[in-house]
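In what follows, a structure is listed as structure tokens, so that the remarks can point back to it.
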Ligand SMILES: NC(=O)c1ccc[n+]([C@@H]2O[C@H](COP(=O)([O-])OP(=O)(O)OC[C@H]3O[C@@H](n4cnc5c(N)ncnc54)[C@H](OP(=O)(O)O)[C@@H]3O)[C@@H](O)[C@H]2O)c1
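Residue numbers (our numbering): 218 to 470.
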């Protein structure tokens, strides 16, 4: 359980090599050492660096659980293994793929992969995490959503449509867990400087992963259920809802 100064005992990162996810874990480790479980593909070329990064950041211990988002049948065992070290204080759902939208909407295989990783797999682990969190009666699921799902745009609609579903699922999972003692924090991030967005060109209100980590840490401590990073996206996303399609399609976004 998080103590009064926000120190965790046990942190789970799904998407164990995610740059944003690792920054969030490191932000919690500033409060003191914790056991960290990285759920990641064993063959990820980034897993050794992720373990080293988290160890250097002060983790008490780090374990790796084999996790392939596309293999939903393996998820129950992976999540059970992640909880075998005891209650999880913070579970971060941070796996995802952006991909090339123009290739994705012309290629059924690429589109299904993007939808499966960004939506189906997220629902799969969300259900499993909720079961554990409801039982333990405390803790926070941090769900990495995106402003791309707030009003889906032509430029990245394969990714954005999956994130719209992701956002709806985790927002309402939080409602379903209300009163259980466990919380869901939905993080609606704009562009964040990581390898995922490296080819996208710098958009307005782009932030660093540490900005996301600081905002997530504060929100978890305060029991907030939705945040926007950059915070101005709260108002930008709202304004987008009211722009007619004929005008929206002409915006350079
Ligand atoms: N960066 C942004 O601008 C931005 C903005 C809004 C929201 N987000 C969301 O924030 C989250 C983290 O993004 P990030 O910037 O940290 O991206 P990242 O560094 O590219 O991390 C993506 C993670 O997803 C994992 N992954 C991809 N496919 C997988 C699969 N089939 N099975 C298991 N793991 C898989 C990757 O693992 P491997 O090492 O095995 O590839 C990696 O750990 C994502 O959900 C993303 O959609 C990002």
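All residues carry an ideal CB built from backbone N, CA and C; glycine is no exception.
| Query | Result |
| --- | --- |
| For residue 239 and residue 310, I'd like the C-alpha separation in whole angstroms. | 11 Å |
| Looking only at DSSP bridge pairs, what is residue 255 linked to? | 230, 281 |
| Does DSSP classify residue 413 as helix, strand or coil? | helix |
| If you compare alpha carbons, which of 436, 354, 318, 341 is closest to residue 369? | 318 |
| Compute the Euclidean distance between the alpha carbons of residue 400 and residue 302, then round it to the nearest angstrom. | 20 Å |
| Spell out whether any CB of chain B is found under 9 Å from the CB atom of residue 453. | The chain inventory of the structure shown lacks chain B, comprising one protein chain alone. |
| If we ignore side chains and look at the alpha-carbon of each, how far apart do residue 354 and residue 459 end up? | 39 Å |
| Comparing alpha-carbon positions, which option in 394, 391, 321, 398 lies nearest residue 493? | The structure shown does not extend to residue 493, since the chain spans only 218 to 470, so no value can be given for it. |
| Since residue 296 is in the alpha helix (DSSP H), which residue starts that stretch and which ends it? | 292–299 |
| For residue 451, report the span of its alpha helix (DSSP H) as first-last. | 450–458 |
| To which residues does DSSP link residue 311 through a beta bridge? | In the DSSP output, where bridge partners are listed per residue, residue 311 has none listed. |
| Residue 362 bridges to which residues according to DSSP? | 405 |
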